[in-house]
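Notes follow the structure.
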Amino acid sequence: MIGTRLAPAVVGLPYDASVWLLDRWSDLLLAVADRTGLVMLEYGFMHRAFLVGMLIAVMAPLIGTFLVHRQLALIGDALAHTAFAGVAVGLFVNATLGTGISPYLTAVVVAMIAALAIELISEVTDAYNDVSMAIVLSTGFALGAVLISLNSGGLAVGVNQYLFGNLSTVTNENTVLLVGLFSVITLVVGATYKQLLYVTFDETAARVAGIDVRWYNRVVAMLTAMVVVGAMQIMGVILVAAMLVVPVAGAAQLARSFREALLASVVLAELAVLVGITLSFYYGTTAGGTIVLVAVGIYIAAVLAGKLGADRAVETGSTPEEGSVE
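Numbering (the numbering used here) for the sequence shown: 130 to 455.
Okay, structure coming up:
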């Protein structure tokens with residue numbers, strides 16, 4: 130059972146309801162363990178790891194598909210390194226002031242500020258997006274390093290789990306935070322899907338149509354920051370950007386429209402997460418690295434499948450349908 134009391138609640142749900150939902154999820158996996166004999170499902174930390182992983186496998190491709198089509202794949206790396214600074218801020222404040230603030234909460238705040246900074250730097254200086262991302266990435270990682278050094282290295286041990294991810298350190302509180310982030314991301318994307326799609330494929334036409342392109346660019350950047358912080362629990366800062374890109378790249382080899390690519394990327398991400406977490410448990414490997422390696426393997430398989438399908442189409446004389454943005 131998940132059991133322990135949680136500080137925050139799932140967005141839109143009262144405290145007790147949040148605990149009840151997490152307990153029911155744990156009960157479900159325990160029932161599966163009883164029927165199948167899967168040892169890994171007998172542990173509470175694996176219940177949380179699978180829940181967090183499955184949610185990440187939805188929200189990362191959900192945002193990553195927009196990013197890849199806008200050639201902003203590297204923004205995940207920039208915000209991940211900035212989120213590291215946010216974690217360092219939380220750990221530093223806790224160490225110096227004795228507060229009990231969650232480093233993931235400070236990471237969310239700092240990453241969202243960084244997301245806005247990337248957009249503002251591009252708008253004010255007319256710099257390319259990769260320039261603003263490089264500036265924010267360097268600043269974030271430097272800030273994190275400085276805060277760790279100010280504590281005479283005392284934070285180094287605590288920060289390792291954020292750099293590389295760890296299944297056993299996914300707490301109840303962080304699980305609830307992730308569910309909250311997932312709720313916000315899916316609701317916002319669902320409500321603004323058509324506008325985001327328009328801006329992604331033709332900013333000029335979107336402006337002519339009266340869409341506030343700058344606003345929606347900022348929305349995407351802030352949603353990316355939320356995904357990065359959420360995925361950081363399992364993937365770690367170093368590998369978190371992979372979930373925004375690799376499943377999307379694999380889906381692009383199989384899909385013929387944006388909507389198909391979005392759905393396919395979620396399926397591929399779920400497969401990578403479930404297989405990766407399982408292998409990580411049984412072989413004692415790092416979860417984030419294992420998930421990424423599985424995702425890359427799936428990507429290679431998707432590329433081969435796409436090439437095979439194209440060759441067959443040529444042999445039969447048929448031509449693939451032109452991709453649709455819908």
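Glycine residues also receive a C-beta, built at the ideal position from the N, C-alpha and C atoms. All figures in this text were calculated on a predicted structure; none of them were measured in a lab.
For this session: Take L276 and list the residues in its own chain whose beta-carbon comes closer than 6 Å to its own, dropping the five residues that flank it on each side.
Result: A217 and F221
Problem set entry | Residue range of the alpha helix (DSSP H) that includes R343 | V342 to L368
Exercise. Shorter than 8 Å from the beta carbon of N258 to some beta carbon of chain C?
Worked result: Structure shown: chain C not included; a single protein chain is present.
Exercise. Exposed or buried, what is A136 when buried is set at 16 or more other beta-carbons lying within 10 Å of its beta-carbon?
Worked result: Confidence at A136 is low in this model, with a pLDDT of 40, below 50, so its placement is unreliable and the value that follows should be read with caution. A136 should be labelled exposed.
Exercise. Which partner residues of S278 appear in the DSSP bridge assignment?
Worked result: None; S278 has no bridge partner.
Problem set entry | I367 versus V358 - alpha carbon distance | Approximately 12 Å between the Cα atoms of the pair.
For this session: For E248, count neighbouring Cβ atoms within 10 angstroms of its own Cβ and tell me buried if that reaches 16, exposed if not.
Result: buried
Problem set entry | Span separating the alpha-carbon of V404 from that of L306 | Approximately 24 Å, taken between the alpha carbons.
Exercise. What's the call for D206, buried or exposed, on a 16-neighbour Cβ count within 10 Å?
Worked result: The residue in question, D206, is buried, as its Cβ has 16 or more Cβ neighbours within 10 Å.
Exercise. Can you list, in chain order, the residues of its chain whose CB lies under 6 Å from that of V161, leaving out five sequence neighbours each side?
Worked result: Spatial neighbours of V161 in its own chain (CB-CB distance under 6 Å, excluding positions within 5 residues in sequence) are listed in chain order as L170.
Exercise. With distances taken from CA atoms, which of V421, V299 and G269 is nearest H210?
Worked result: Comparing Cα-Cα distances from H210 to each of V421, V299 and G269, the minimum goes to G269.
Exercise. Are the beta-carbon atoms belonging to L352 and A380 less than 8 Å from one another?
Worked result: no
Problem set entry | C-beta atoms of L184 and F311 nearer than 8 Å | Yes, the Cβ-Cβ distance between L184 and F311 is below 8 Å.
Exercise. Of all the options V308, A338 and I406, which has the alpha carbon lying nearest to the alpha carbon of L150?
Worked result: V308
Exercise. If you draw a straight line from the alpha carbon of V342 to that of V377, how long is it in whole angstroms?
Worked result: Their Cα atoms are separated by approximately 23 Å.
Exercise. Who are the Cβ neighbours of L539 in its own chain at under 8 Å, not counting the five residues just before and after it?
Worked result: An answer regarding residue 539 cannot be provided, because it is not within the stretch 130 to 455 covered by the chain.
Exercise. Excluding five sequence neighbours on each side, which residues of the same chain lie with their C-beta closer than 7 Å to the C-beta of T304?
Worked result: L151, R177, L180 and V181
Exercise. Should G452 go down as buried or exposed, given a rule of 16 or more other Cβ atoms within 10 Å for buried?
Worked result: Confidence in G452 is poor, its pLDDT being 48 and thus under 50, which makes the residue's placement unreliable; the coordinate value appears in the next sentence. G452 is exposed by the Cβ-count criterion.
For this session: Starting from the C-beta of V402, find all residues in its chain whose C-beta is less than 7 Å away, skip the five residues before and the five after it, and write them out in chain order.
Result: G182, M183, I185, A186 and I420, listed in sequence order.
Problem set entry | Top-ranked residue by Cα proximity to A246, from L234, M262, A236 and T415 | Of the candidates L234, M262, A236 and T415, the residue whose Cα lies closest to the Cα of A246 is M262.
For this session: For S386, name the three-state secondary structure that DSSP assigns.
Result: Three-state DSSP puts S386 in a strand.
Problem set entry | 8 Å CB neighbourhood of L296 in its chain, flanking five on each side removed | F174, M175, A178, I363, I406, S409, F410 and A416
Problem set entry | Where G294 sits in the DSSP three-state scheme | coil
Exercise. Roughly how far, in whole angstroms, is the beta-carbon of G215 from the beta-carbon of A189, given that I think they are within contact range, below 8 Å?
Worked result: Contact flag wrong, Cβ pair sits at about 18 Å.
Problem set entry | Assigned secondary structure, R441 (DSSP; H/G/I helix, E/B strand, else coil) | helix
For this session: In angstroms with no decimal places, state the Cα-to-Cα distance between A434 and I427.
Result: Rounded to the nearest angstrom, the two C-alpha atoms are 10 Å apart.
Exercise. On the premise that L208 lies in contact with A243, defined as a C-beta separation below 8 Å, what is that separation, rounded to the nearest angstrom?
Worked result: 6 Å
Problem set entry | Cβ-heavy atom distance, T194 to the ligand MG, below 7 Å | This structure does not include the ligand MG; it has no bound ligands of any sort.
Problem set entry | C-alpha distance - Y233 paired with D255, whole-angstrom precision | 32 Å
Problem set entry | Cβ distance (whole Å) where V425 is taken to contact V374 below 8 Å | Not quite, the Cβ-Cβ distance comes to about 11 Å (not below 8 Å), so this is no contact.
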